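A.B. asks:
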Amino acid sequence: MARRIDYSARYKYTPKEVYGAFTNRDYWDARIEEMRKYSENHIEHFEVSDDGIDIVLHHILPRSELPEIAQTVMKKDMVITRKESYTPFGDPTTGTYEASIPAGPGSLTGTMKLFATDTGCTFRTSSEAKVYLPFIGGKLEQLMLVNLIDLFRAEAEITENWLSQQ
Numbered sequence: 075m076a077r078r079i080d081y082s083a084r085y086k087y088t089p090k091e092v093y094g095a096f097t098n099r100d101y102w103d104a105r106i107e108e109m110r111k112y113s114e115n116h117i118e119h120f121e122v123s124d125d126g127i128d129i130v131l132h133h134i135l136p137r138s139e140l141p142e143i144a145q146t147v148m149k150k151d152m153v154i155t156r157k158e159s160y161t162p163f164g165d166p167t168t169g170t171y172e173a174s175i176p177a178g179p180g181s182l183t184g185t186m187k188l189f190a191t192d193t194g195c196t197f198r199t200s201s202e203a204k205v206y207l208p209f210i211g212g213k214l215e216q217l218m219l220v221n222l223i224d225l226f227r228a229e230a231e232i233t234e235n236w237l238s239q240q
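In the working numbering, the protein residues as written are 75 to 240.
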């Protein structure tokens with residue numbers, strides 16, 4: 075059974091300003107650099123075209139830093155490949171993401187939506203975690219989603235800080 079969760083980052087900036095950050099390689103480099111405080115990260119692919127934005131990120135989490143329940147499944151460091159795609163700027167702008175782990179026993183996918191509000195804009199992410207393991211699957215799904223919210227919160231802070239410095 076899959077579990078779902080939504081997260082909304084609210085910005086005082088316009089959707090065009092936030093989308094502009096997403097199209098800027100300097101923004102992604104700054105975001106990766108900040109996230110390196112927590113784990114090894116790098117950008118595998120970054121492309122902005124008339125079709126939108128495509129980016130592939132790699133996050134490496136040492137096995138020793140994983141919760142015990144995750145260590146029972148993962149016998150090596152966890153390498154997460156995260157692919158994000160965004161439509162061209164519009165009202166709203168939408169996107170999708172998927173995170174995969176080689177030999178991982180599940181999936182993590184989601185949709186994203188950037189839209190205007192009275193005070194700026196909101197970037198909403200709706201995520202779904204599925205783990206195909208009896209007995210511990212639900213616990214791992216919940217663990218993934220809780221940690222995902224922490225990640226999205228940190229990324230929103232980075233975005234806010236980066237925009238404030240522009």
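Backbone N, C-alpha and C define an ideal beta-carbon position, used for all residues, glycine too.
Predicted, not measured: the structure shown is a model, and the values here were computed from it.
Starting from alanine 230, trace the alpha helix (DSSP H) both ways and give me its first and last residue.
C.D. replies: For this step, residue 230 is matched to residue 156 along the sequence shown. Residues 211-238.
A.B. asks: For phenylalanine 197, which of Ile175, Ile79, Pro89 and Ala76 has the nearest alpha-carbon?
C.D. replies: The residue given as residue 197 occupies position 123 in the sequence shown. The candidate whose alpha carbon is nearest that of phenylalanine 197 is Pro89.
A.B. asks: Which same chain residues, not among the five before or five after glutamate 229, have their C-beta less than 7 angstroms away from its C-beta?
C.D. replies: Stepping through the sequence shown from its first residue, residue 229 is reached at position 155. If we look at glutamate 229 and ignore the five residues flanking it on each side, its Cβ neighbours are Arg105.
A.B. asks: For alanine 190 versus proline 166, is the C-beta distance shorter than 9 angstroms?
C.D. replies: What you label residue 190 is simply residue 116 of the sequence shown in a count that begins at 1. What you label residue 166 is simply residue 92 of the sequence shown in a count that begins at 1. For alanine 190 and proline 166, yes; Cβs fall inside 9 angstroms.
A.B. asks: So leucine 219 and valine 205 are supposed to be a Cβ contact under 8 angstroms. How far apart are they, rounded?
C.D. replies: Counted from its first residue, the sequence shown places residue 219 at position 145. Counted from its first residue, the sequence shown places residue 205 at position 131. Not a contact, Cβ separation roughly 11 angstroms.
A.B. asks: In the DSSP assignment, the alpha helix (DSSP H) including aspartate 151 goes from what residue to what residue?
C.D. replies: On the sequence shown, position 77 is the one that residue 151 refers to. Aspartate 151 -> no alpha helix (DSSP H), and no H or E assigned at all.
A.B. asks: The alpha helix (DSSP H) with aspartate 103 in it runs from where to where?
C.D. replies: Taking the sequence shown and counting its residues from 1, one reaches residue 103 at position 29. From DSSP, the alpha helix (DSSP H) with aspartate 103 extends over 99-109.
A.B. asks: Could you tell me the alpha carbon to alpha carbon distance between glutamine 239 and glycine 194, rounded to whole angstroms?
C.D. replies: Taking the first residue of the sequence shown as position 1, residue 239 is located at position 165. Taking the first residue of the sequence shown as position 1, residue 194 is located at position 120. Answer to the nearest angstrom: the Cα atoms are 17 angstroms apart.
A.B. asks: Since valine 153 and isoleucine 134 should fall inside the 8 angstroms C-beta cutoff, what is the C-beta to C-beta distance between them, to a whole number of angstroms?
C.D. replies: Counted from its first residue, the sequence shown places residue 153 at position 79. Counted from its first residue, the sequence shown places residue 134 at position 60. Indeed, because the Cβ distance is near 5 angstroms, the residues count as touching under 8 angstroms.
A.B. asks: Have a look at serine 159 and glycine 169 and give me their C-alpha separation to the nearest angstrom.
C.D. replies: Counted from its first residue, the sequence shown places residue 159 at position 85. Counted from its first residue, the sequence shown places residue 169 at position 95. Their Cα atoms are separated by approximately 5 angstroms.
A.B. asks: Using the Cα positions of alanine 95 and aspartate 80, report the straight-line distance between them to the nearest angstrom.
C.D. replies: Mapped onto the sequence shown, residue 95 falls at position 21. Mapped onto the sequence shown, residue 80 falls at position 6. Between alanine 95 and aspartate 80, the C-alpha separation is close to 22 angstroms.
A.B. asks: Across which residues does DSSP place glycine 180 in a beta bridge pair?
C.D. replies: Position 106 of the sequence shown holds residue 180. Glycine 180 pairs with Val205.
A.B. asks: With DSSP as the reference, please indicate the residues paired to glutamate 172 in a beta bridge.
C.D. replies: Counted from its first residue, the sequence shown places residue 172 at position 98. According to DSSP, glutamate 172 bridges with Lys157 and Thr183.
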